Amino acid sequence: MSPSQSLPSSQMRHDQDERQPMAPAPAARGLNALDVARGPLSIYGSQKASLALDVIVVGCGIGGLAVAFCLAQAGHRVTIIESSPLIGEIGAGMQLSPNTTRLLQKWGLGKHLDEIAVRPEGVAYRRYSTGERIGFTKWGEDLEKEYGAPYYHIHRADLHKLLHDLAFPHVTMLLGSAVVDCNPDAASPSVTLKSGEVLMADLIIGADGVKSYIQEVVLGKPNAVELTGDAVYRTTIPTSLMMKDPELREFVEHPQMTAWIGPRKCLVAYPIRRKERYNIIGLHPDDGSVEAWKSQGSVEKMRRNFDDFEPRARRLLEFVQSAVKWRLTDRKSLDKWVHESGRVVLLGDACHPILPYRAQGAAMAIEDAAVIANLLSRISHLSQLKPLLNAYQDLRHSRTSVAQASSRLNRKTYNLPDGPEQRERDENMRRAMALELSGSLEVFQRDSVADLEDSEESKKSDAMFGYDADAEVEKWWSAHGRELELRSIPMVLCTVDPPPRSESNGLEGMIVARFWPCFVLARELEVTRIAVGLAVDFIPTRAVVIPRKLEITVPADPWAASWVFERG
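The numbering of the sequence shown is this note's numbering, which starts it at 1 and goes up by one.
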């Protein structure tokens, strides 16, 4: 891969919104690449790829940084290409569930998450017009004990900076470098930059988001996103303002996610940055007032959208000074993530964009990164690349499809119009909350325990939060890894031409061996079953004259022995 310039981490952009640069959270000051990277020497221990790949990652978002770091840890050489001249995340708060945080802890970020993020006590669902609490799910220490990792609320830019500082010492970053062409050909995979520079690689990963160009390369055609008819305002306010209001103070002192749900709209809010900022997300019908995917929103329109919400929610919006407005788009999970050449693959929103109603968009991208890098930490020959990428899609496709479907279902559930369905929903949530709260107080009956454990929401949480990306790869490798290794061992079939029978031709005592490059095609193949030859280490196709007795050492298990071939 051609040399490129990398960017000092001090030149990153981390925006609170689009108005001004965002200063790091106070507890995060002093973090640098060395601090963050000072974790385990390798997240894969002694396991590293015996074949180091040159990898290009297109896109420097959360998924791109995560996969770049993990691939570098797996022993590969990684270059990130980002079209923006500055890197950073524009957005506000986000949620990190245990399926994500167990990975981030393994990567050495646990201490830093504790320093800058907030551990919520739970999530409360409230009736939009009255503020009545109709549902509650407890998180906190109970959740951490159950799933072995905590739940966090964090500013998106803070997580992005942590991942940047984690990856920066180990990868090359090219900023202000838009990819204008991608050649997926297995013989010479490459990307062409707007500058005209061509970069070669063994593997190209498209982590370039919902409007991915690399996706078009994989599919061979554009694949437009679908507008959902919803839009979202994102903003944060200082919690110092809330602390002056007795009715708003509890939202800071007892941190939890609060969701006011109403007809076709909801407000979701929670503290971030060690409770110094309060994140507010306002989901509402898209009025079509802007055509851009993202734009500066009108604060007055934001307030009008929620003027029928309870007084506390409206008072929160009075503190808002600016907000970014996003139009929500959706796309069904692609059936094809891997180009037929086996040299280009998609990750994150580029192949499975997820609506924000389940808080799993970034989580799925981080899981993708962990799975693909863990698989590629085991590669020993280029012929294994495509099978490993196909395994990545097989491991991830059904899970990300479930996350997409779950988010769409939540959208429908939260946005019900007032009426019979809404009343039934509220009653079901009240019943589940009663079981949840009685369970925490240990005053429930045995039947209540069974009801709570068997509830659909509990099952969904188990499936979502209990997922361990690295453990899933280990299961796959235990079942399929040996076969992949055997099928991918570069070998040569040695065939023998017997010498002429005449003893006067000078070839007496010699045999002619012809070496034919091949691969092991069957798991059951044994050397002793080859009738006229022997599988040996790779030698270019040629005919050679060798002594009558041929002794060859075959290093690949199960043939780790010296095999002797002798003309009888």
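Note that the Cβ used here is the ideal one computed from N, Cα and C, for glycine as well. Note that this is a predicted model, so its numbers are computed, not measured.
- Query: In this structure, what does DSSP give as the bridge partners for His397?
  - Reply: Here residue 397 refers to the residue found at position 397 of the sequence shown. The partner list for His397 (beta bridge, DSSP) is empty, contrary to what the question assumes.
- Coil, strand or helix - Ala124 by DSSP: As a first step, residue 124 must be located in the sequence shown, where it is residue number 124. Looking at Ala124 - three-state DSSP - the assignment turns out to be strand.
- Item | Spatial neighbours of Arg303 in its chain, beta-carbon cut-off 6 Å, leaving aside the 5 residues before and after | Locating residue 303 in the sequence shown gives position 303, where the first residue counts as 1. Contacts found: Leu317.
- Message: With a threshold of 7 Å on Cβ separation, who are the neighbours of Tyr213 within its own chain once the five nearest residues in sequence on each side are excluded?
- Response: By 1-based counting over the sequence shown, the position of residue 213 is 213. If we look at Tyr213 and ignore the five residues flanking it on each side, its Cβ neighbours are Val179.
- How is the beta strand (DSSP E) around Gly135 delimited, first residue to last? Taking the first residue of the sequence shown as position 1, residue 135 is located at position 135. Element bounds for Gly135: Arg133 to Lys138.
- For His339, name the three-state secondary structure that DSSP assigns. Against the sequence shown, residue 339 aligns to sequence position 339. Residue state, collapsed to three classes: coil.
- Identify every residue that forms a DSSP beta bridge with Ser295. The residue given as residue 295 occupies position 295 in the sequence shown. Paired residues: Lys325.
- Which ranges does the alpha helix (DSSP H) cover as unbroken runs of at least 4 residues, wholly within the stretch 337–395, from first to last along the chain? 361–376
- Message: Quick check: Tyr44 and Gly262, are their CB atoms within less than 7 Å of each other?
- Response: As a first step, residue 44 is located in the sequence shown; it is residue number 44 there, counting from the start. As a first step, residue 262 is located in the sequence shown; it is residue number 262 there, counting from the start. Cβ atoms of Tyr44 and Gly262: not closer than 7 Å.
- Item | Validate contact between the stretch 244–264 and the stretch 360–370 using beta carbons, cut 8 Å, 3 pairs | no
- Query: Using DSSP with H/G/I as helix, E/B as strand and the rest coil, what is Cys570?
  - Reply: Residue 570 falls outside the range modelled here, since the chain spans only 1 to 568, and no answer is possible.
- Task: Quick one: which unbroken beta strand (DSSP E) runs of 3-plus residues sit fully inside the stretch 136–194? Chain order, please.
- Result: 152–155, 172–174, 179–183 and 190–193
- Query: On the three-state DSSP scale, how would you describe Glu197?
  - Reply: Along the sequence shown, one-based indexing puts residue 197 at 197. Note: Glu197 maps to coil in three-state DSSP.
- Message: Contact between the stretch 87–102 and the stretch 130–149 is defined here as three or more beta-carbon pairs at a separation below 8 Å; is this criterion met?
- Response: yes
- Message: Quick check on this structure: which residue in Pro184, Leu104, Arg264 and Lys138 has the alpha carbon closest to the alpha carbon of Gln422?
- Response: By one-based count along the sequence shown, residue 422 stands at place 422. Of the listed residues, the one whose Cα sits closest to Gln422 is Arg264.
- Query: Can the beta-carbon of Val57 be found closer than 7 Å to that of Val67?
  - Reply: Position 57 of the sequence shown, counted from the first residue, corresponds to residue 57. Position 67 of the sequence shown, counted from the first residue, corresponds to residue 67. Yes, Cβ-Cβ distance for Val57 and Val67 is below 7 Å.
- Taking the CB atoms as reference points, tell me whether Met429 and Gly131 lie closer together than 7 Å. Numbered from its first residue, the sequence shown carries residue 429 at position 429. Numbered from its first residue, the sequence shown carries residue 131 at position 131. No, they are not a contact pair.
- Query: Tell me which same chain residues have a C-beta within less than 7 Å of the C-beta of Asp470, skipping the five on either side of it?
  - Reply: In the sequence shown, counting from the first residue as 1, residue 470 sits at position 470. Correct list, in chain order: Ala370 and Asn374.
- Simplified DSSP state of Lys221, which is helix, strand or coil: One-based indexing of the sequence shown puts residue 221 at position 221. Coil at Lys221, not helix or strand.
- Query: What three-state label does DSSP hand Trp107 in the structure shown?
  - Reply: Residue 107 sits at position 107 when you count from the first residue of the sequence shown. Three-state DSSP puts Trp107 in coil, outside helix and strand.
- Item | Sub-7 Å separation of Pro184 and Arg343 beta-carbons | By one-based count along the sequence shown, residue 184 stands at place 184. By one-based count along the sequence shown, residue 343 stands at place 343. Taking 7 Å as the Cβ cut-off, Pro184 and Arg343 qualify as a contacting pair.
- Over the uninterrupted beta strand (DSSP E) stretch that includes Val232, give me the two end residues. Taking the first residue of the sequence shown as position 1, residue 232 is located at position 232. It spans Glu226 to Pro238 - the beta strand (DSSP E) in which Val232 sits, taken as one unbroken run.
- Message: Quick check: the stretch 163–181 against the stretch 79–86, are at least 3 beta-carbon pairs closer than 8 Å?
- Response: yes
- Item | Buried or exposed (CB count within 10 angstroms, at least 16 for buried), Val55 | Numbered from its first residue, the sequence shown carries residue 55 at position 55. Val55 should be labelled buried.
- Task: Determine the extent of the alpha helix (DSSP H) in which Arg277 is found, giving its start and end residues.
- Result: As a working mapping, residue 277 is identified with position 277 in the sequence shown. Careful: Arg277 lies outside any alpha helix (DSSP H), inside the beta strand (DSSP E) at Arg277 to Pro285.
- Cα-Cα separation, Leu267 to Ser333: Sequence index remark: in the sequence shown, residue 267 carries index 267 (1-based). Sequence index remark: in the sequence shown, residue 333 carries index 333 (1-based). C-alpha separation (whole angstroms): 27 Å.
- Output the distance between the C-alpha atoms of Tyr125 and Lys138, rounded to the nearest integer angstrom. Taking the sequence shown and counting its residues from 1, one reaches residue 125 at position 125. Taking the sequence shown and counting its residues from 1, one reaches residue 138 at position 138. Their backbone Cα atoms lie some 12 Å apart in a straight line.
- Task: Have a look at Ser406 and Asp114 and give me their C-alpha separation to the nearest angstrom.
- Result: Sequence index remark: in the sequence shown, residue 406 carries index 406 (1-based). Sequence index remark: in the sequence shown, residue 114 carries index 114 (1-based). Their Cα atoms are separated by approximately 28 Å.
- Cα-Cα separation between Asp462 and Asp468, rounded to whole angstroms: Start at 1 with the first residue of the sequence shown, and residue 462 comes out as number 462. Start at 1 with the first residue of the sequence shown, and residue 468 comes out as number 468. Roughly 11 Å between the two C-alpha positions.
- Do Thr239 and Ile280 come within 7 Å of each other at the CB atom, strictly closer than that value? Position 280 of the sequence shown, counted from the start, is the residue given in the question as residue 280. Position 239 of the sequence shown, counted from the start, is the residue given in the question as residue 239. Their beta carbons are not under 7 Å apart, which means Ile280 does not touch Thr239 by this criterion.
- With a CB to CB cut of under 6 Å and the five nearest residues on each side skipped, what residues in its chain are close to Gln47? Sequence index remark: in the sequence shown, residue 47 carries index 47 (1-based). Taken in chain order, the residues that qualify are Ser377.
- Query: Going by the beta-carbon positions, is the gap between Arg231 and Asp286 smaller than 7 Å?
  - Reply: Numbered from its first residue, the sequence shown carries residue 231 at position 231. Numbered from its first residue, the sequence shown carries residue 286 at position 286. The question names Arg, but residue 231 is Ala in the sequence shown. Yes; because the gap between Cβ atoms is below 7 Å, this pair is in contact.
- Grab the span of the beta strand (DSSP E) containing Pro271 for me, first residue to last. On the sequence shown, position 271 is the one that residue 271 refers to. Taken as a continuous stretch (DSSP letters only), the beta strand (DSSP E) holding Pro271 covers Lys265 to Ile272.
- Task: May I have the straight-line CA-CA distance separating Pro571 from His170, to the nearest angstrom?
- Result: Shown here, the chain extends from 1 to 568; a query on residue 571 therefore has no answer.
- Short Cβ contact (7 Å threshold) for Val338 with Asn390: For this step, residue 338 is matched to residue 338 along the sequence shown. For this step, residue 390 is matched to residue 390 along the sequence shown. Cβ atoms of Val338 and Asn390: closer than 7 Å.
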